[in-house]
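Heads up: the sequence lines are chains P and A, in that order.
The first sequence begins at 992 in our numbering and counts up by one.
The second sequence begins at 494 in our numbering and counts up by one.
See structure below.
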Amino acid sequence: MAPRKDTPFRSADMSMVQLYVSNEIGREVVTALGELGLCQFRDLNEDVSAFQRTFTQEIRRLDNVERQLRYFYTQMEKAGITLRKLDLDAEKLASPSTSEIDELAERSQKLEQRISALNDSYETLKKREGDLTEWRWVLREAGSFFDRAHGNVDEIRASTDNDDAPLLSDMEQHNTAPDVERSFSGMNIGFVAGVINRDRVAAFERILWRTLRGNLYMNQSEIPEPLIDPTNNEAIQKNVFVIFAHGKEILNKIRKISESMGADVYNVDENSELRRDQIHEVNNRLEDVQNVLRNTQATLEAELNQISQSLAPWTVLIAKEKAVYSTLNLFSYDSARRTLIAEAWCPTNDMPLIRSTLQDVTNRAGLSVTSIVNEIRTNKKPPTYLKTNKFTEGFQTIVNAYGTATYQEVNPALPVIVTFPFLFAVMFGDLGHAFIMLAAALAMIYWEKSLKKVSFELFAMIFYGRYIALVMAVFSVFTGLMYNDVFSKSMTLWDSAWEYERPDNWKQGDTVTAVLNSNGNRYPFGLDWAWHGTENNLLFTNSYKMKMSIILGWAHMTYSLCFAYINARHFKKPIDIWGNFIPGMIFFQSIFGYLVVCIIYKWSVDWPAVGRNPPGLLNMLIYMFLQPGKLDERLYAGQEYVQTILLLLAFAQVPILLFLKPFYLRWENSHARARGYRGIGETSRVSALDGDDESEALVGGHGNSFDEDEGVAMISQNIDEEHEEFEFSEVMIHQIIHTIEFCLNCVSHTASYLRLWALSLAHQQLSVVLWDMTIGPCLTRPGLLGVIMIVIGFYLWFFLTIAILVCMEGTSAMLHSLRLAWVESFSKFAEFAGWPFAPFAFNTLIEESEELKNYLE
Amino acid sequence: MAQGYSIFIGLVVIAALSAAAWFMSPKGENQVLWRSSLILAIVSCYLMWLITFLAQLHPLIAPKRSDLREEFLGHTI
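Okay, here's the thing in structure tokens:
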């Protein structure tokens, strides 16, 4: 077969290739193929678990590096350092060598240690700083309390001597007592000072009170500024407390309770001199700690800043490297020969490119052993690879959303490029709305580069379909001209074919019927504006649009059905032509083709001039089935015979549709068997090679050279998996379903196209209503009020036009058009039994990765 | 203004346009895309124009309105 160019008409020819690559350059080969993005590798180690594969070690190592890079990322986020993002369009990352990756791994290991060390010391320092701050507060608050309390030691002693005296009464009055320096210790009163969370103060107090039975004196004060908890960076309000009590045991008890309540107890000296020294010392230490802390933070930030410059490329490199090893894990490794063997699907036309890439890599590595690319023949179904460009991508996505076309069948996206936007435009026909849409689409295409980076999801979706929107808008301009609608108004581009004559006794408000000109001139382009705003406007446009829907639907379906013929011819299945396409086509045409002919014939006859009543076509079609051979009203001479013949012709197709294909297949099968043919592998296996093991078997079977021709000839794999025995009942049932579906669908799908009329009617009426309810009445208002009303009315009208008529109605028309493409058109020819070609490519890998999104622009 | 035979003029026009689209499509991988899309678009548009024109060729009903002003009557509008 001569090599065929890959076109958007069919999916590309695919070949299954075997690659024999020396183990040393396996990584380089896969990297090069990943850049190329044309090979989809098959898993040759399906029965090997992920942990037992050859390159698991490398992947683990890379996982570790990835984790370290993520750690840097979170640290940077915490420190508020912005990452220098990678713009893959602007800069290309060269494929790294193994040693570079090793270096990177080592470096990130070191950096991680350094950063975590810095982090640890930062946290310890932070904790120490917190402790010192608390201590300073305790010293300050407790100190001021002591200063106040020392004055009343005498009083207190007196009170202990005298049982009736209240404990610590009227302390405040004795603030300025002279003998401040007298000690509590003489009184055997000890104290505990510390800091506690403010929320717990009440509970703390109550517990102390109960356990000590009131034998304590507690003083507390609030720390005015919140303290930072270094473990989670949260601000906490705390109180300083000082508790006085008798006796060592009680004091110990208080300490234990404090600790259990999460309070921090600090050492405070009761001597004010010592305390001053203590405060001094604490302040010094605090300053030192803060200095070190600042330094540590600066170092950490500098380090992270430096990392932030190259973190994005590193992450991408590691992700690529990991993908390479994961792919290598799909290869089977022949340890005896130190070769890697891979199987991959790739486009046949790109084989030379793959070969030369492989050759390049081998040459660069300076290996004497060449890498071998072997094309192998297989009966596995190749993947569907439909090349797209900027323009077709959106349309292809619409089709792929429905299903993946069978390998090599007509690409349903090709007709969709026109039919989808055109049918949309039939429903969206309004010149004004079309221009708004056109402007939006053109703007998106003009500023393509800068808008590409917008990550807002809804916009990204619309942006993705910008070329679809463009085609839709262009067709809408055309249909808008056809419907002669601009924002629900009409244009008087040409002279109308109608004229209003003055009746004899006419007065204002009388109904006048227009008269058609007599010279046969008609409005040349689109709908005559004389219809606009008339009382029977809808009567006329409904009939026109309804018939148009039927004709367009018929054309669309006939066109789609023709692809079934092309498919059958391409796959060399003449039975599909004789058993499906031709009877189907006759059935469809003899009913709905006939209807379309009648519609056009009825239009072409000047009924008043002929002097006959025009027949209703709907009734005609119904009575064609109900009472064949009889007529209600005649359309043309010999109509009853034509209709009867067409009806018989249509019904005659049903048995052909039903039986021809299954019986032909059965005959073919038994005929072949009678001549002694068997399905390959049906009774005896031709080859001992089994499925995926065949590559190993091939390598193990030493006499086989890796000659290409031999490689092609000897491989016949996975035969039993995909071979299906001929089963008549299955084929018959399938065909019955197909027949019923086809015949019923001819009716229901034709009716389904009436949505074209319904949506176009709704769109037009909605824009009329919007005009009448917003700007319409404002235009008749004179004076200042009129001016204000016009401004308000215009804005209201304009924004509602965009929101409702362009966005909402546009979406609805698009969905209806989508359905017409998916159901009404695709069901006529496309099988959708393919599986998509997903080559190993770094581009798609990076684009689709959620994780890498943070690193890329 | 157009007479009934305009539909054949239109047919000739779109045949010419289709031929132009066929022969002038840029060569290469996407030639089939150009040809198919352009011709399909041309034919679709002609079909719609044809339907619109034919629907008005021998209309069975005439526009009717009762909100006309006096000056409007008796002139070709």
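Every residue, glycine too, gets a C-beta built ideally from N, C-alpha and C.
Given the structure is predicted, the values throughout are model-derived calculations rather than measurements.
Annotation for P:Ile1731: the continuous alpha helix (DSSP H) segment containing it runs 1719–1743. Looking at the DSSP output, P:Pro1827 bridges to P:Thr1375. Under DSSP, P:Pro1338 forms a beta bridge with P:Met1005. Boundaries of the alpha helix (DSSP H) around A:Val536: 524–548. Listed along the chain, the chain A residues whose CB falls inside 7 Å of the CB of P:Gly1517 are Thr545.
Nearest Cα to P:Glu1716 within the set P:Trp1485, P:Glu1822, P:Ala1753, P:Arg1657: P:Arg1657. In the three-state reduction of the DSSP assignment, P:Ala1821 falls in the coil class, being assigned neither a helical nor a strand state. Following the DSSP letters along the chain, one finds P:His1237 inside the beta strand (DSSP E) bounded by residues 1229–1237. Phe1466, Phe1469, Thr1470, Met1473: these are the residues of the stretch 1447–1479 of chain P whose beta carbon lies less than 8 Å from some beta carbon of chain A, given in chain order.
One thing to note: P:Met1428 has its Cβ within 8 Å of the Cβ of P:Met1463. DSSP places P:Arg1513 in the strand class (E or B) of the three-state scheme.
Chain order gives the chain A residues near P:Lys1538 as Ile544, Ala548, where near means a beta carbon separation below 8 Å. For P:Tyr1632, the enclosing alpha helix (DSSP H) has its first and last residue at 1630–1665. Remark: three or more beta-carbon pairs, one from each stretch, lie closer than 8 Å, so the stretch 997–1013 of chain P and the stretch 1376–1393 of chain P are flagged as touching. When rounded, the separation of the alpha-carbon atoms in P:Leu1586 and P:Leu1612 is 7 Å.
For P:Leu1626, there is no enclosing alpha helix (DSSP H), as DSSP gives it neither H nor E. Taking the beta carbon of P:Tyr1514 as reference, the chain A residues within 7 Å of it are Gln549, listed in sequence order. The Cβ-Cβ distance between P:Gly1544 and P:Thr1741 falls below 8 Å.
Linking P:Glu1838 to P:Glu1225 through their CA atoms gives a straight-line distance of about 38 Å. Minimum Cα-Cα distance from P:Gln1211 among the listed residues P:Ala1254, P:Lys1244, P:Phe1733, P:Thr1202 corresponds to P:Ala1254. Taking a Cβ-Cβ threshold of 8 Å, the residues of chain P close to A:Pro552 are Leu1507, Phe1531, in chain order.
In the displayed model, P:Met1209 falls within a strand according to three-state DSSP. Comparing C-alpha distances from P:Glu1384 to each of P:Thr1397, P:Val1401, P:Gln1399, P:Leu1405 shows the shortest one belongs to P:Leu1405.
Assignment of alpha helix (DSSP H) within the stretch 1766–1847 of chain P, counting only whole runs of 4 or more residues, yields 1766–1769, 1774–1791, 1800–1810, 1817–1820, 1833–1839 in chain order. Under the rule that a run must span 4 or more residues, the alpha helix (DSSP H) segments found entirely inside the stretch 1541–1624 of chain P read 1573–1579, 1585–1595, 1598–1601, 1608–1617. Near chain P, meaning a CB-to-CB distance below 8 Å, the residues of the stretch 495–518 of chain A are Ala495, Gln496, Gly497, Ser499. Here P:Thr1395 carries a coil assignment [DSSP, helix/strand/coil]. At a cut-off of 8 Å between C-beta atoms, A:Arg558 counts as an interface residue with respect to chain P.
DSSP assignment within the stretch 1391–1441 of chain P yields the following whole alpha helix (DSSP H) runs of 4 residues or more, N-terminal first: 1404–1418, 1422–1437. P:Gly1825 and P:Asn1402 have their C-alpha atoms spaced approximately 11 Å apart.
A straight line joining the alpha-carbon of P:Phe1466 with that of P:Ile1072 spans about 50 Å.
As DSSP reads the structure, P:Asn1365 sits in a beta bridge with P:Gln1009.
Collapsing the DSSP output to three states places P:Leu1507 in a strand.
For the stretch 1384–1405 of chain P, the set of positions with a beta-carbon nearer than 8 Å to some beta-carbon of chain A reads Leu1405 in chain order. For chain A, none of the residues of the stretch 1798–1831 of chain P brings a beta carbon within less than 8 Å of one of its beta carbons. Of the candidates P:Asp1486, P:Val1738, P:Leu1649, P:Asp1763, P:Leu1649 places its Cα closest to the Cα of P:Ser1720.
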